Every structure is written in structure tokens, then in C-alpha cells.
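In terms of my numbering, the sequence shown opens at residue 2 and continues consecutively. Here's the structure, in C-alpha cells; my notes come after.
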Amino acid sequence: MTVTETLVVDTVIGVDIAATGGADSVINAQEYDGGVTLTGGVSGGDTIVVTIDGTDYAAVVTDTTWILDASPDVITAGDYHTHDVVVTATDSAGNTSSASSTIIVDTVTSVTVGQSHEQ
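Encoded structure:
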């Protein structure tokens, strides 16, 4: 008697990342409006962990899209604040893939007032 089985080796996984607003790569005060939504695409059934400035957050995965609403205490506003973001996807076979990005939030407008020395 011969038994034949098919072995499937799953070694493929991918992940990407995007932040709401910031089409110019900088999230301004109007785009920021109390927080930032991070989103991206994944393979179905993946688990997503988003690491922001060294702290892990679980993202919500629906079909092939993940989303994380980062509150103002996670991604802070200010004068050109940078935040390091790493997104790690893990599939059901245990394969992992990561994508990284730097999010820049600049919600401060600077105005310089000079003195005129007209005679």
C-alpha cells in the first residue's frame, strides 16, 4: 500500500503601511485632528502588530486590510515630531514580514517677526 500526501510549505507573506493625511510626508494640524489612522494591506488571516516608538499595538485585520487608530497619546502632535513605526505581519504558518516607516507630525506654525529700521 502506498500513501501519497501533498505537503504545502507556506513561506510567502507581505505587509505594507500608510498613514492618513500627510500626502507631502508630513501630517499637519488639519490632517492630524486628534490622532492618526495607520492602515495597510496583508494576506488574509494574518495577525498584525504595529510598533510605534518601541511600544506594540494590535491592529484590527479585516480580510486583506489592517487598521490602527493611533490616539494623540501614541502619535503626538508638535513641532516636527517624528515617530518610528514598524508593522509586523504573522501568518498562520508562523512566517513573518515587516515594513517600517517614519511618521512626521508638524502641527505648529512658526512666525518670525522682525523689526524694521526705516529712516
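No residue lacks a Cβ here, since even glycine has one placed at the ideal position from N, Cα and C. All figures in this text were calculated on a predicted structure; none of them were measured in a lab.
Leaving out five residues on either side along the sequence, give the residues of the same chain with a beta carbon under 7 Å from the beta carbon of residue i.
i: S102; result: I18, V86
i: V88; result: V16, I18, G41, I49, V51, S99, A100
What residue from the options has the CA that sits closest to residue i's CA?
i: V106; options: V112, V16, Y33; result: Y33
i: D54; options: G36, I76, L39, I68; result: I76
Tell me which same chain residues have a C-beta within less than 8 Å of the C-beta of residue i, skipping the five on either side of it?
i: D57; result: V50, V51
Can you give me the Cβ contacts of residue i inside the same chain, cut-off strictly under 6 Å, excluding the 5 residues immediately before and after it?
i: T91; result: T48, T97
i: D80; result: V109
Express the C-alpha separation of residue j and residue i in angstroms, rounding to a whole number.
i: H82; j: V27; result: 10 Å
i: T38; j: A71; result: 6 Å
i: N29; j: V43; result: 27 Å
How should residue i be labelled, buried or exposed, when 16 other C-beta atoms within 10 angstroms of its C-beta is the threshold for buried?
i: A94; result: exposed
i: A60; result: buried
For residue i, which residues does DSSP report across the bridge?
i: A30; result: None, per the DSSP bridge assignment.
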